[in-house]
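Heads up, the working numbering is the position in the sequence shown plus 6, with the first residue counted as 1.
Beta carbons are placed, not taken as given, at the ideal position from N, Cα and C, and that holds for glycine.
These numbers were taken from a predicted model, which means no experiment stands behind them.
Report on the following structure.
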Amino acid sequence: MSETLHLKVSGPVATVTLTRPQLHNAFDAELTGNLTQAFQKLGVAEAVRVVVIEAEGPSFSAGIDIGWLRQTNDQDPAESLRDSMQLAMLFDAIDRCPKPVVAIVQGAALGAGVGLVAAADIAIAADEATFSLSEVRLGLLPSVIAPLLTAAMGSRALRRYMLSGERFDSREALRLGLLHGVVAADKLATARDHVIEACLKGSPKAQASAKELLRVVEDSPAGPDLMRYTASHFSDLRASPEGREGLAAIAEKRRPAWGE
């Protein structure tokens, strides 16, 4: 797709690979724009069932390119806000992608790189991977990805690592909920394939609906309105073509159409 990003679609699986290894896959304007466009297109590509985020080189992502930040340091407020909104749109595009998004993490994930992990639905890392939200040491904060980080790690853990800028390892990231699995580096591909295989067994419409459901549940107080929403949601899915197909497949002891 560009010198910063490679997109490969193989059957139902799309793999988005960050390709700036010489700069530890740090985000600049080009990578941000290309990654946003890739997820916007993949979100509406009916043939794509699962999206994988990977990276070339020793690091997953060093976050925002400091050189790019310094080059744009003299922007007027409107231009600065525009660039920040472009970053926000990137993470929103990943978070709202209706397909399962799987992050496969090797090496270091820093700042916005941690945001990529948090935006993914499933995140698996090598045991040697490290993480850091070190922006505070530069007089900055990971403001754009704070909602995703809070959802993934919880505000209590986020207070520590956002305020201290400490690095933490993959086991700590797993304990906090940022990761779903940790494996040896030479087992990452196997773990990735296992997750892909599991996701492909799910109904595409139900998976897209699951992400919408969770977003509403997270943003809604418990009570009659939420009860009505969840009851209606389940009723609609049960009556949908894929819901009917799934129930028929169980009764007939066969695979549903999407799993063939």
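R88 and E52 have their C-alpha atoms spaced approximately 31 Å apart. K14 sits away from V54, with the two beta carbons spaced by 8 Å or more. Assigned with DSSP and collapsed to three states, L24 falls in strand. Here S241 carries a helix assignment [DSSP, helix/strand/coil]. Around the beta carbon of D231, fewer than 16 other beta carbons sit within 10 angstroms, so the residue counts as exposed.
If you check the CB distance, A126 and V108 come in under 8 Å. For D98, the enclosing alpha helix (DSSP H) begins and ends at P83 to D101. Pairing G183 with A197 gives a Cβ-Cβ distance that is not under 8 Å. With respect to L48, L11 sits apart: the two C-beta atoms are not nearer than 8 Å. Here F66 is near A135, since their CB atoms are less than 8 Å apart.
Beta-bridge annotation (DSSP): E178 is not paired with any residue. A distance of 8 Å or more separates the beta carbons of P153 and L139.
Shown here, K14 sits in a strand according to DSSP, grouped into three states. Annotation note: the segment 175-235 contains the following uninterrupted beta strand (DSSP E) runs of length 3 or greater, listed N- to C-terminal: 187-189.
Going by DSSP, V142 is part of no beta strand (DSSP E) at all; its letter is neither H nor E. Less than 8 Å divides the Cβ of A118 from the Cβ of F33. Where E62 is concerned, there is no enclosing beta strand (DSSP E), because DSSP gives it neither an H nor an E. Going by C-alpha positions, F137 is about 20 Å away from D101.
Here DSSP, grouped into helix, strand and coil, assigns A132 to strand. Cβ neighbours of A68 within its own chain (closer than 8 Å, five residues either side excluded): L29, H30, N31, A32, A114, L116, G117 and G119. As DSSP reads the structure, V111 sits in a beta bridge with A131.
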